[in-house]
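One structure is given here, and the rest of the page talks about it.
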Amino acid sequence: MYDIIIIGAGTAGMTAALYARRASKTVLVFEKENIGGQIVYAQNIENYPALKNISGSLFASELFEQVEALGADFEFRAVTGIRKNGDFFIVNAEKKDFSAKSIIIASGVKHRRLGVDKEEQFIGGGVSYCAVCDGAFFKNKDVAVVGGGNTALADAITLQPICKKVYLIHRRDTFRGEEKLVEYIKKQPNIELVLNSNITALLGETFLEGIQIKNNKTRKISSLILSGLFVAVGQEPSNHIFSNLVALDENGFISSSESCTTSCPGIFVAGDCRAKEVRQLSTAAADGAIAALCACKYQDI
Ligand code: NAP
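Here it is, written out as structure tokens:
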């Protein structure tokens, strides 16, 4: 039996592990994909206090080393559910059960799909959700990024020096992402903004060969010949496996208080899977610290 089981080894989960270990709690962290979560895909982090510039992968590996040295255990398995058993919780992970007095859910979010035909079929054949991971496959090729948030802007900036041409397609004419990034993009001769436009079809048989676009003001339909499409239309949680115990909001995020408590006493939540306004590296770390300290307090009362 662990004091605290943490689900997810992203920034929020590993920060929670750091604080819980420093409070002498026994800690097990589950991760089903990669240590560090989404931050490993960030080429440069320039908005984390006191770190002027660090790569996402270095940030994640430093945090992992810090947490491992403090004595947290890690299990590389997918959690499939949690149930309550008296005063403690049972976590099921790939047919094996683990128990703990408290749980911190820090399971993050996954890439939202664009929702056009052939999208799933073309993953690995021209459609990607990660410019940092896959950009190099499109050297000197024409590609498009779809989305208007910080991820789409950062993806266009990542791809611009690699690719011949980058179309940035957004359904509105103003961006949700940072103005500073938009200004930078506007100065790049090989990035073309395609605004007020939706992708209506993916063209090609085995591989992506192009896209069809509809301008939602003029209703004009056109196509672009492309080798790659980077989808950056936001993220969504996968919290349904926890919905037997904790309340979710209408978008599937876990409802919580400022103390990262959930509707189930003993279960806490941290990071992007939590219902909140701002999803940044610094807020993920803050959530991790709060959730861990509140879980410690819950056990010590
Ligand atoms: P986001 O901010 O939610 O933006 C998603 C974008 O996709 C929006 O522009 C949205 O358009 C568009 N969109 C959504 N569904 C669509 C659809 N079906 N078809 C076409 N477009 C669609 O998501 P994000 O960019 O992944 O960012 C997520 C969070 O991480 C944000 O809080 C962001 O600030 C943060 N982040 C921060 C950094 C950084 O600090 N540098 C980097 C990356 C991400 P509308 O605008 O019209 O709704």
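Following my numbering, the numbering of the sequence shown begins with 267 at its first residue and continues without gaps.
Even glycine gets a Cβ: it sits at the ideal position worked out from N, Cα and C.
Source: prediction; values computed, not measured.
Would the C-beta of Q478 count as close to the ligand NAP, meaning under 7 Å from any of its heavy atoms?
On the sequence shown, position 212 is the one that residue 478 refers to. Relative to the ligand NAP, Q478 has its C-beta separated by 7 Å or more from all heavy atoms.
Please tell me whether, using a cut-off of 7 Å, the distance from the CB of A551 to the nearest non-hydrogen atom of the ligand NAP is below it.
Translated into the one-based positions of the sequence shown, residue 551 becomes position 285. Incorrect: A551 has no Cβ contact closer than 7 Å to the ligand NAP.
Supposed contact pair K298 and R349 - C-beta distance, whole angstroms, cut 8 Å:
If you number the sequence shown from 1, residue 349 lands on position 83. If you number the sequence shown from 1, residue 298 lands on position 32. Contact flag wrong, Cβ pair sits at about 19 Å.
Do A498 and the ligand NAP come close, with the Cβ less than 7 Å from some heavy atom?
For the purposes of this step, residue 498 is identified with residue 232 of the sequence shown, where counting begins at 1. The answer is yes for A498.
Count the other C-beta atoms from every protein chain shown that fall within 10 angstroms of the C-beta of K486, then say buried if there are 16 or more, exposed otherwise.
The sequence position of residue 486 within the sequence shown is 220, counting from 1. Under this definition K486 is an exposed residue.
Can you tell which of T292, L317 and S327 has its C-alpha closest to the C-alpha of T569?
A question about residue 569 goes unanswered here, because the residues of the chain that appear run from 267 up to 567.
Would DSSP call R540 helix, strand or coil?
Taking the sequence shown and counting its residues from 1, one reaches residue 540 at position 274. Annotated three-state conformation of R540 is strand, per DSSP.
Note the first and the last residue of the continuous alpha helix (DSSP H) segment covering G322.
Stepping through the sequence shown from its first residue, residue 322 is reached at position 56. Element bounds for G322: G322 to A335.
N351 to D269 span [Cα, whole Å]:
Start at 1 with the first residue of the sequence shown, and residue 351 comes out as number 85. Start at 1 with the first residue of the sequence shown, and residue 269 comes out as number 3. Taking the straight line joining both Cα atoms gives about 15 Å.
Would DSSP call E458 helix, strand or coil?
Numbered from 1 along the sequence shown, position 192 holds the residue referred to as residue 458. Strand.
Tell me whether the beta-carbon of D400 lies closer than 8 Å to the beta-carbon of K430.
Counting from 1 along the sequence shown, the entry for residue 400 is found at position 134. Counting from 1 along the sequence shown, the entry for residue 430 is found at position 164. No. Outside cutoff.
Should A418 be listed as close to the ligand NAP, given that the test is whether its C-beta is under 7 Å from any heavy atom?
Taking the first residue of the sequence shown as position 1, residue 418 is located at position 152. Indeed, a heavy atom of the ligand NAP lies less than 7 Å from the Cβ.
Check this for me: beta carbons of V295 and F340, under 8 Å apart or not?
The count along the sequence shown starts at 1 and reaches residue 295 at position 29. The count along the sequence shown starts at 1 and reaches residue 340 at position 74. Against a cut-off of 8 Å, the Cβ pair of F340 and V295 comes out as a contact.
For G414 and I301, I'd like the C-alpha separation in whole angstroms.
One-based indexing of the sequence shown puts residue 414 at position 148. One-based indexing of the sequence shown puts residue 301 at position 35. As the crow flies, the alpha-carbon of G414 is around 27 Å from that of I301.
What three-state label does DSSP hand K291 in the structure shown?
Translated into the one-based positions of the sequence shown, residue 291 becomes position 25. Three-state DSSP puts K291 in coil, outside helix and strand.
Which residue or residues does DSSP assign as beta-bridge partners of R349?
Working through the sequence shown from its first residue, we reach residue 349 at position 83. When DSSP reads this structure, R349 sits in a beta bridge with I356.
Sorted by chain position, which residues of the same chain lie with C-beta nearer than 7 Å to S522's C-beta, five sequence neighbours on each side aside?
The count along the sequence shown starts at 1 and reaches residue 522 at position 256. Setting aside the 5 residues that flank it on each side, S522 is surrounded in the same chain by T528, V535, R540 and A541, each with a C-beta closer than 7 Å to its C-beta; the list follows chain order.
What does the alpha-carbon distance come out to for the pair T472 and K384?
Indexing the sequence shown from 1 puts residue 472 at position 206. Indexing the sequence shown from 1 puts residue 384 at position 118. Straight-line spacing of the CA atoms in T472 and K384 works out to 10 Å.
Those runs of the beta strand (DSSP E) which lie wholly inside the segment 393 to 443 and span at least 3 residues:
DSSP runs (the beta strand (DSSP E)) wholly in the segment 393 to 443: 408 to 412 and 431 to 435.
Using the C-alpha atoms, what's the distance from L469 back to P315?
By 1-based counting over the sequence shown, the position of residue 315 is 49. By 1-based counting over the sequence shown, the position of residue 469 is 203. Per the coordinates, the alpha-carbon of P315 lies some 44 Å from the alpha-carbon of L469.
Out of I273, F388 and N481, point me to the one whose CA is closest to S373's CA.
As a working mapping, residue 373 is identified with position 107 in the sequence shown. Looking from the CA of S373, the closest CA among I273, F388 and N481 belongs to I273.
Span of the alpha helix (DSSP H) holding Y268?
As a working mapping, residue 268 is identified with position 2 in the sequence shown. Element bounds for Y268: not the alpha helix (DSSP H) but the beta strand (DSSP E), Y268 to I273.
Collapsed DSSP secondary structure at E471 in the structure displayed
As a working mapping, residue 471 is identified with position 205 in the sequence shown. Here E471 carries a coil assignment [DSSP, helix/strand/coil].
Just verifying my parser: in three-state terms, what is the DSSP assignment at N481?
On the sequence shown, position 215 is the one that residue 481 refers to. DSSP places N481 in strand when its eight states are reduced to three.
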